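So the sequence shown is residues -28 to -1, 1 to 250, counted in mature numbering (1 follows the signal peptide of the UniProt record, and there is no 0).
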Amino acid sequence: MKQITRRKFIATATIATGFALAVQPVSAKVITTDSKGLVTGAVKIPVQDGEIPAYRAMPAKGGNFPIVLVIQEIFGVHEHIQDVCRRFAKLGYVAIAPELFVRQGDVSKLSSIEEIRPIVAKVPDAQVLSDLDATVDWTVKSSKGNSNKLGITGFCWGGRITWLYAAHNPQVKAGVAWYGRLVGDVTELTPKNPVDIASGLKVPVLGLYGGKDTGIPLDTVEQMRDRLKSGSSKSEIIVYPDAPHAFFADYRPSYREKEAKEGWQRLQDWFKQHGTSG
């Protein structure tokens, strides 16, 4: 695999304000979490070839916070992902969501998923994993984060990355992958998929999937379950039979309140069980 370019990369994109253009109109069911008692906003993460923007939310008081990496959907770090960070901060975490597509383009300004997909397709897994390593380092040094209490969660595109990063970084104590793709083409940019790392996975990951997800066939979910059984990670997969893809995304028509709330509680319990809560 090609190494990440050594040229100095300067991030010109900024963290989105509001929701990505491609997800308009926004549902009336959108959840809004305030910043009372929190420190929130955009930060810059030094990475291998420059710096990338990220959104951070953390308690205004205290320290030695458990860390949770929040991994974006293909729509970037827009208002929904920022709100998820604030929800974690209210629970005592320092939550950080880096913009992982920024070298390839600013997806927040694009108005259709058809425009976004070619940009996302150019993002190398190696770049993402390296950026997440840098994000963890920065959070420990600059945001009072405790690397011994490191968790990760991600949605859709970020769900796939959650599985891969849990395999990449043994410091991760637990992960929760929301409807992330499990199988796919193996390419120079994407040399492995979650099903390929499942049997060797050491970190416990909870997978949350929808039984009516037209993009992630249930046979691939069962394939992942079988591979996990041969490993030692004690990972689990929960399938909500009536839920579609993106059932946690409260700003979209796909949102399912019951399954989303249950999944969010399962996430908190999973993190607590595996030592990543405050």
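Just so you know, even glycine gets a beta-carbon here, dropped at the ideal spot from N, CA and C. Everything numeric in this text was worked out from a predicted model, so none of it was measured.
Query	Result
Rounded straight-line distance, which links the Cα of S115 to that of V158	36 Å
Length of the line joining the Cα atoms of Q245 and I39	15 Å
Under the three-state DSSP convention, the category L173 falls into	coil
Beta bridge counterpart(s) of T125 as assigned by DSSP	V42 and V148
E234, DSSP secondary structure in three states	helix
Q(-5) at chain B interface by Cβ criterion, 8 Å	The structure shown contains no chain B, having only a single protein chain.
Buried or exposed (CB count within 10 angstroms, at least 16 for buried), D185	buried
Spatial neighbours of V144 in its chain, beta-carbon cut-off 8 Å, leaving aside the 5 residues before and after	L122, G123, I124, Y137, A138 and V175
Check whether N118 and F220 have beta carbons under 8 Å apart	no
The stretch 72 to 85 contacting the stretch -12 to -4, beta-carbon criterion three pairs below 8 Å	yes
Coarse secondary structure for V211, derived from DSSP in three states	strand
Three-state secondary structure (DSSP) of T186	coil
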